[in-house]
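**Q**
There are 2 protein chains.
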Amino acid sequence: MRRSRQKDAILRVLCETDSHPTAEWIYEQVKKEIPTLSLGTVYRNLRLMTENGSVRELRFTGEQGRYDGNIQHHDHFRCEKCGRIFDLGELLDELIKEKVARKMGACITGHRLEITGTCRECRNSKY
Amino acid sequence: MRRSRQKDAILRVLCETDSHPTAEWIYEQVKKEIPTLSLGTVYRNLRLMTENGSVRELRFTGEQGRYDGNIQHHDHFRCEKCGRIFDLGELLDELIKEKVARKMGACITGHRLEITGTCRECRNSKY
DNA sequence: TTATTTGCAAATCATTTGCCCGAAG
DNA sequence: CTTCGGGCAAATGATTTGCAAATAA
Numbered sequence: 019m020r021r022s023r024q025k026d027a028i029l030r031v032l033c034e035t036d037s038h039p040t041a042e043w044i045y046e047q048v049k050k051e052i053p054t055l056s057l058g059t060v061y062r063n064l065r066l067m068t069e070n071g072s073v074r075e076l077r078f079t080g081e082q083g084r085y086d087g088n089i090q091h092h093d094h095f096r097c098e099k100c101g102r103i104f105d106l107g108e109l110l111d112e113l114i115k116e117k118v119a120r121k122m123g124a125c126i127t128g129h130r131l132e133i134t135g136t137c138r139e140c141r142n143s144k145y
Numbered sequence: 019m020r021r022s023r024q025k026d027a028i029l030r031v032l033c034e035t036d037s038h039p040t041a042e043w044i045y046e047q048v049k050k051e052i053p054t055l056s057l058g059t060v061y062r063n064l065r066l067m068t069e070n071g072s073v074r075e076l077r078f079t080g081e082q083g084r085y086d087g088n089i090q091h092h093d094h095f096r097c098e099k100c101g102r103i104f105d106l107g108e109l110l111d112e113l114i115k116e117k118v119a120r121k122m123g124a125c126i127t128g129h130r131l132e133i134t135g136t137c138r139e140c141r142n143s144k145y
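In order, the protein sequences belong to chains F and E.
In our numbering, each residue carries its 1-based index in the first sequence increased by 18.
In our numbering, each residue carries its 1-based index in the second sequence increased by 18.
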């Protein structure tokens, strides 16, 4: 994969935020710096980076795809009111995975865990 | 929500399988019985039933949406080779959720957990 | 009767692709 | 040079929607 100004900028923007943005949002940000940028390029590069492991793709319930610059495994909390996604550490312990592996005769390579609820702010907001 | 022949058939087909089918697959099955059925009706009704809680929508992998007639909470194992989705019991224990709730000041309403790997059959297949 | 649901086709929306041109190595 | 990446616009594929006709209550 050849390097480019747009790839650099996309990855930088993604890594500088902790907001798990959509491709669209990244596009808007990078456009400020490279006005000729096209949305297709953002999708293309996010996909390439996901494939080579520089980026993680999150795909929650029915919504648009979101991206995470933090590739270390971690689980997520999604607030059902405001839609924000927060990082949690790795919650699922190895014992559970081993238990599943044994019971199913399967070989486990990963997991995705999303906890949902209402975040502190939304609980405290008036409406 | 008014009852209808197509709603009954859709729900029956979904509950009779354990294959976590797509809307398309359900459509093919029900079409055998109601040849005039349209795909739009399947989508429309699956959505209504998801909203009123008769059906569960699975949407983890970026793939097409899948539906589950078993509405009791349970987690899933997805084989990355054959793509099949197997049911697991409820794996995530309450303690973990409480810990998250306390740390985040959030109120937890649910979770989705998908474990991925290679199932027994695929491990044993030659290719 | 009359309110809902259906079937159909057109519309949406996120994402991907084809193509030709400009840039990277 | 020569190959790969970018911009653009058109294509795709899943899902949703608008509407007139059909059906459940």
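C-beta atoms are modelled at their ideal positions from N, C-alpha and C, and glycine is treated no differently.
A quick note: this is a predicted structure, and the numbers were derived from the prediction, not measured.
What residues in the region 43 to 63 of chain F have a beta carbon less than 8 angstroms from any beta carbon of chain E?
**A** none
**Q** Helix, strand or coil for E:K144, going by three-state DSSP, please let me know.
**A** With a pLDDT of only 44 at E:K144, under the threshold of 50, the placement of this residue in the model should not be trusted, and no figure is reported.
**Q** Check the Cβ of F:C137 against every Cβ in chain E and list those closer than 9 angstroms, keeping chain order.
**A** M122, G123, A124, C125
**Q** At a CB distance below 8 angstroms, what residues from the region 100 to 115 of chain F approach chain E? Give them in sequence order.
**A** F104, L106, L109, L110, I114, K115
**Q** Does DSSP classify E:T75 as helix, strand or coil?
**A** According to the sequence shown, residue 75 of chain E is Glu rather than Thr. Residue state, collapsed to three classes: strand.
**Q** Does E:N63 pass the burial test, meaning 16 or more other C-beta atoms within 10 Å, or should it be called exposed?
**A** buried
**Q** Assuming E:E34 is part of the alpha helix (DSSP H), what are its boundary residues?
**A** 23 to 34
**Q** Can you check which of these residues, E:C100, E:M67, E:K99, is closest to E:N88 by C-alpha distance?
**A** It is E:M67.
**Q** By the criterion of Cβ-Cβ separation under 7 angstroms, what are the contact partners of E:I89 in chain F?
**A** Simply none; closest approach about 15 angstroms.
**Q** So, is the C-beta of E:H129 closer than 7 angstroms to a C-beta in chain F?
**A** For E:H129, the answer is yes, since a Cβ of chain F falls inside 7 angstroms of its Cβ.
**Q** Just to confirm, is the Cβ distance from E:A124 to F:C137 under 7 angstroms?
**A** yes
**Q** Would the beta-carbon of F:T134 fall within 7 angstroms of that of F:R96?
**A** yes
**Q** Can a CB atom of chain E be found closer than 7 angstroms to the CB of F:T40?
**A** F:T40 does not count as touching chain E.
**Q** How is the alpha helix (DSSP H) around E:I103 delimited, first residue to last?
**A** Note, E:I103: premise wrong, no alpha helix (DSSP H); beta strand (DSSP E) at 103 to 105.
**Q** Within the continuous alpha helix (DSSP H) that includes F:I114, where are the two ends?
**A** 112 to 122
**Q** Who are F:D93's beta bridge partners in DSSP?
**A** F:D93 pairs with nothing; no bridge assigned.
**Q** If we define contact as Cβ-Cβ less than 7 angstroms, is F:R141 a contact residue for chain E?
**A** yes
**Q** Since F:V60 and F:L32 are thought to touch, with beta carbons under 8 angstroms apart, how far apart are those beta carbons, to the nearest angstrom?
**A** The pair is not a contact, with the Cβ atoms about 10 angstroms apart (cut-off 8 angstroms).
**Q** Determine the direct distance from the alpha carbon of E:N70 to that of F:E116, and round the result to whole angstroms.
**A** 36 angstroms
**Q** Among residues of its own chain, excluding the 5 on either side of E:C140, which ones have a beta-carbon nearer than 6 angstroms to its beta-carbon?
**A** C97, K99, C100
**Q** Taking the beta strand (DSSP E) that E:E42 falls in, what are its first and last residues?
**A** No beta strand (DSSP E) contains E:E42, which is instead part of the alpha helix (DSSP H) from 41 to 51.
**Q** Return the CA-CA distance between F:G58 and F:Y45, expressed in angstroms with no decimal places.
**A** Going from the Cα of F:G58 to the Cα of F:Y45 covers about 9 angstroms.
**Q** Does E:V118 come within less than 7 angstroms of chain F when only Cβ atoms are used?
**A** yes
**Q** According to the neighbour-count rule (16 or more other Cβ atoms, all chains shown, within 10 Å of its Cβ), is F:D36 buried or exposed?
**A** exposed
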